[in-house]
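In mature numbering (1 follows the signal peptide of the UniProt record, and there is no 0), the protein residues as written are -22 to -1, 1 to 164.
Even glycine gets a Cβ: it sits at the ideal position worked out from N, Cα and C.
Here the structure comes first, spelled out in structure tokens, and everything after it is commentary.
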């Protein structure tokens, strides 16, 4: 499925969404050869350059061959509220552990996670504050490098489990870093 560009807003240097001033426009693109539900990345071409400052600057990305930082603590950000189906007005931030593929594979994601272990990673403090509803697309940051993007929070669909019952699933940026570089030149 191709992304739509009809409703794309880019907001910079925002901590509180009740003071949002958005820029509308741009073009979205995604590689055609990526299997559905394997990557969660869209590149957006803006209509005007971003004015960089002390609070607005480019994110650092891992190289294509850079390993997922297993057994490290990562900073995660999001607008969702843990264990609730609501948004926060202020950006939320916390730290979570990142786990190995073996650890992640020990959880039953109804068969969803295991076939995609090469391009999906997991993390998150079980039964604690971490990514939840409305946080999809949120970054996973270690040592000022964005290693991942929140892809999937298990437990909010049919089975009624709450956020924190399973580790979150993240798309590792390194898995599509070559595509990012080929598309953007960065």
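{"Item": "Is the beta carbon of residue 155 less than 8 Å from the beta carbon of residue 47?", "Value": "no"}
{"Item": "Which residues does DSSP list as the beta-bridge partners of residue 50?", "Value": "According to DSSP, which records beta bridges pairwise, residue 50 is partnered with nothing at all."}
{"Item": "Starting from residue 28, trace the beta strand (DSSP E) both ways and give me its first and last residue.", "Value": "Segment: none, residue 28 is in no beta strand (DSSP E) and carries neither H nor E."}
{"Item": "Could you tell me the alpha carbon to alpha carbon distance between residue 86 and residue -11, rounded to whole angstroms?", "Value": "38 Å"}
{"Item": "My output table needs one value for residue 110: the three-state DSSP class, helix, strand or coil.", "Value": "coil"}
{"Item": "DSSP on residue 82, reduced to helix/strand/coil?", "Value": "helix"}
{"Item": "Nearest-angstrom Cα distance between residue 100 and residue 78?", "Value": "7 Å"}
{"Item": "Let me check understanding here. Comparing Cα to Cα, which of 42, 68, 84 and 153 lies closest to residue 112?", "Value": "68"}
{"Item": "Hey, out of 162, 150, 25 and 55, whose CA is closest to residue 43's CA?", "Value": "150"}
{"Item": "Which class does residue 159 belong to by DSSP, given the choice of helix, strand or coil?", "Value": "helix"}
{"Item": "Which of the three DSSP states is assigned to residue 131 in this structure?", "Value": "coil"}
{"Item": "Counting along the chain, where does the beta strand (DSSP E) carrying residue 120 start and finish?", "Value": "117 to 120"}
{"Item": "Does DSSP put residue 3 in a helix, a strand or coil?", "Value": "The predicted model places residue 3 with a pLDDT of 48, which falls under 50 and marks its position as unreliable, so this point remains unresolved."}
{"Item": "Note down, in chain order, each residue of its chain lying with its Cβ closer than 7 Å to the Cβ of residue 129, except the 5 sequence neighbours on either side.", "Value": "18, 98, 147, 148 and 149"}
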